[in-house]
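In the numbering used here, the protein residues as written are -5 to 603. The beta-carbon is built from N, C-alpha and C at its ideal position, and this holds for glycine as well. Take a look at the structure set out below.
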Amino acid sequence: MLIHLLCLFSDPCLLLTPCFPGVRCTSGSDGSWQCGECPVGSHGNGTHCEDDNEVTRSAELCVTACVNTDPGFYCLPCPPRYKGTQPFGLGLKEAQRTRQVCFLFFTSMNVLSWVCTPYNPCKDNTHACHKHADCFYLGLASEVLYKCVCAVGFAGDGFLCGEDADLDGWPNSGLTCKRNGTYHCQMVSNSLQTDTDGDGEGDACSVDMDGDGTKASLTPDWWVPNDRDNCALVYNTEQRDTDLDGVGDQCDNCPLLHNPRQSDSDNDLVGDLCDDNEDIDEDGQQNSRDNCPYVANSNQADHDGDGKGDACDHDDDNDGVPDDRDNCRLVANPKQSDADGDGSGDACFDDFDNDNIPDALDPCPLNRDIKSTDFRKFQVVLLDPKGTAQSDPLWVIRSQGTELLQSANSDPGIALGYDKFNAVDFSVTFYVNTNRDDDYAGIVFAYQSSRRFYVVMWKQVSQAYWEKKPSKAFGTAGVSIKLVNSSTGPGEYLRNALWHTGNTRNQAVRTLWHDPNKTGWKDYTAYRMHLIHRPKTGFIRVVVYEGREILSDSGAVYDHTLAGGRLGMFVFSQEHVLFSDLRYECRATKLNFNQQQSNMLHHNKNSEY
């Protein structure tokens, strides 16, 4: 016992405890001692150890805030409305091998990745959409994380969907949802659902709309403009007329050159007097009028009004914060306030473009100039204006600009909306309300002028065109996608080239795709036509549904000729064509919002999908 006590008091490690707590002490026979290495997470000589501050020495450790402890570190939870895990550990080596990454991440093999992904009910299948509806994720900037859209062949608010036999956007029988709970014409496309005489029969299928016993026919309501307004259809209280030609600057197709007749032979909204047709980026905006002449931006979006389009502006809202670090790219917010830390600034929460339309309801949430699908104002383009083979098309607006009727057996013509698009999805219900004739109807996209546009044409039966001059033309039954890049523009040459299924060299009308099944449309039958166009990649796809079934699908078609433009409806020698439940949505950019302080997300305004 005495020997043991003598040994205990002669061991300096036990007697003096010279080393830092937790550090191994080794004693020598001569009474010397030596301390080992400091514990993981600290540094020093063994007798004195200090905490390693992993936070200050590993800048990219955490996406959110990183907390240093003694010893060790840990990351705070992912931001609100994100889900993920919290990395933690001890020491610089582990800190250098650990990354907390949110949403998009790329790491090397020797780096540990801790993932924070946005809460996405659509991906996680935790949404409340109806079984016959699709879920669309809106991003964390929207108060409503997702929206539900009934599938083709169904209609409703997305949370409740009922069958829609005529594809007009209204279910066959009443639903309890807040909107689209419908009624009157179950087998005739009738998206307005007007029933003037209250007899339960919608006006679209009623022969006596007002109940006065007299059969009625639809005619447009003509509007008489104020003869003292120099822009009768455009709001311009100042009535400025720089060139003194009697046409206000707001609606003058050459505002700086005197041209009272407003001649515009190629129907591109630029008067002939100032139209040079020079367009280096092929976006339909001539260089002298293009706010990004070297970057294709058909929509010409310019949210800060500085004359430089968003597509080539590094600070779209002119708030002094570059777009790649701005948590509200389109709304000026120099302080970058973000109360909930979700990466979307308070100034644009739930309304990214600040147009007073919530993102969940906005067809173009990154373009304040487009708030809804609206063809109430449209431009009529006659593609054979001097030809006498048939009359000109007669277009009638219905359902607040989401439905158009073309009633005449006519020469080729287009009804064009004024909204301009880069990448876009466009859907329309197509219905021929007669058994007379068997010719063409469809849609136009990327329209830049009456010489340059894409057209989707659908022929009921195969047939040669009866006017053999100036060139023979044969139209094949089925859906075609054509590129029109005409050398002459409207006239008999373009008319026959449009009819022909194939390529017409002297007119540069080219068939990009034709349905090999040669399936024509049927009388009194509703079809849903859906277009996808991504100009940046040249991707084009057209899908036609009959009820819920796909009738025709072009698959992926690629053409880079036209970098966006306007949308419209097309007819050629077919009467009583109803285009209803018109819907378009911008698809030019993803709603990924920048997390300012942590750089967790990077919003790429030029990406397409």
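C-alpha gap between residue i and residue j, whole angstroms
i      : j      : result
Arg489 : Gly265 : 23 Å
Trp452 : Trp515 : 7 Å
Tyr131 : Pro15  : 54 Å
Asn327 : Ala341 : 7 Å
Gly66  : Gly40  : 18 Å
Gly483 : Asp433 : 22 Å
Thr382 : Gly407 : 14 Å
Pro379 : Arg499 : 22 Å
Gly314 : Phe372 : 38 Å
Asn62  : His42  : 19 Å
Thr423 : Arg542 : 13 Å
Glu276 : Gln90  : 48 Å
Pro115 : Tyr140 : 7 Å
Asp24  : Leu86  : 37 Å
Leu576 : Cys306 : 31 Å
Arg362 : Asp344 : 13 Å
Ala491 : Ser259 : 19 Å
Ile449 : Lys476 : At residue 449 the sequence reads Val, which differs from the Ile that was named. Whole-angstrom Cα-Cα distance: 5 Å.
Asn47  : Leu9   : 32 Å
Glu486 : Val455 : 22 Å
Asp368 : Asn429 : 29 Å
Leu355 : Cys144 : 15 Å
Ser567 : Ala435 : 8 Å
Beta carbon of residue i nearer than 8 Å to that of residue j
i      : j      : result
Thr513 : Ser546 : yes
Ala520 : Leu169 : no
Arg535 : Ala557 : no
Gln244 : Cys268 : no
Leu227 : Asp237 : no
Tyr578 : Asp419 : yes
Ser167 : Gly150 : no
Thr92  : Pro71  : no
Gly472 : Asn427 : no
Asp405 : Asp386 : yes
Tyr552 : Phe533 : yes
Phe573 : Glu397 : yes
Asp262 : Ser443 : yes
Asp239 : His252 : yes
Asn497 : Arg446 : no
Ala290 : Pro529 : yes
Sequence-distant residues of the same chain with beta carbon closer than 7 Å to residue i, five excluded per side
i      : result
Ser401 : Leu388, Val390, Glu569, His570
Gln330 : Val315, Asn321, Gly339, Gln590
Gly83  : Gly66, Phe67, Ala89, Thr92
Ser36  : Cys43, Glu44, Asp45, Asp46, Pro65
Residue i (DSSP reduced to helix, strand or coil)
i      : result
Gln90  : helix
Asn479 : strand
Asn166 : coil
Ala471 : coil
Arg255 : coil
Val49  : helix
Lys414 : strand
Leu612 : Past the edges of the chain, shown from -5 to 603, lies residue 612, and the structure says nothing about it.
Gln568 : coil
Asp118 : helix
Asp604 : A query on residue 604 cannot be resolved here, the shown segment of the chain reaching from -5 to 603 and no further.
Ser421 : strand
Ala491 : helix
Cut-off 8 Å between Cβ atoms - residues of its own chain near residue i, not counting five sequence neighbours on either side
i      : result
Lys302 : Asn285, Cys286, Asp296
Arg234 : Gly242, Asp243, Gln244
Cys7   : Cys13, Cys19, Thr20, Ser21, Trp27
Leu561 : Leu410, Gly411, Asp413, Phe415, Val418, Phe420, Ile437, Val438, Phe439, Tyr441, Tyr578
Cys142 : His121, Ala122, Cys123, His124, Ala127, Asp128, Cys129, Phe130, Asp151, Gly152, Phe153
Asp5   : Ser21
Cys580 : Asn293, Pro357, Cys358, Pro359, Leu360, Asn361, Ile364, Phe415, Asn416, Ala417, Val418
Asp311 : His297, Asp298, Asp320, Cys322, Arg323, Leu324, Val325, Ala326, Asn327
Ile544 : Val537, Val538
Thr11  : Cys19
Tyr288 : Ile274, Asp275, Cys306
Nearest-angstrom beta carbon gap, residue j and residue i [assumed within contact, 8 Å]
i      : j      : result
Gly278 : Pro73  : That belief does not hold up - the Cβ atoms of Gly278 and Pro73 are roughly 40 Å apart, past 8 Å.
Ser421 : His554 : Between His554 and Ser421 the Cβ distance is about 24 Å, and since that is not below 8 Å, they are no contact.
Cutoff 6 Å; reference residue i; Cβ partners in own chain excluding five residues on either side
i      : result
Asp273 : Gln280
Gly38  : Cys32, Glu44
Trp493 : Tyr459, Ala467, Gly469
Lys365 : Asp349, Ile351
Arg522 : Val146, Leu161, Thr423, Tyr539
Val34  : Leu84, Gly85
Trp507 : Ile475, Ser548, Val551
Proximity test, residue i beta-carbon vs the ligand FAD heavy atom, cut-off 7 Å
i     : result
Thr50 : For the structure depicted, the ligand FAD is absent and the ligand set is empty, with no information on it obtainable.
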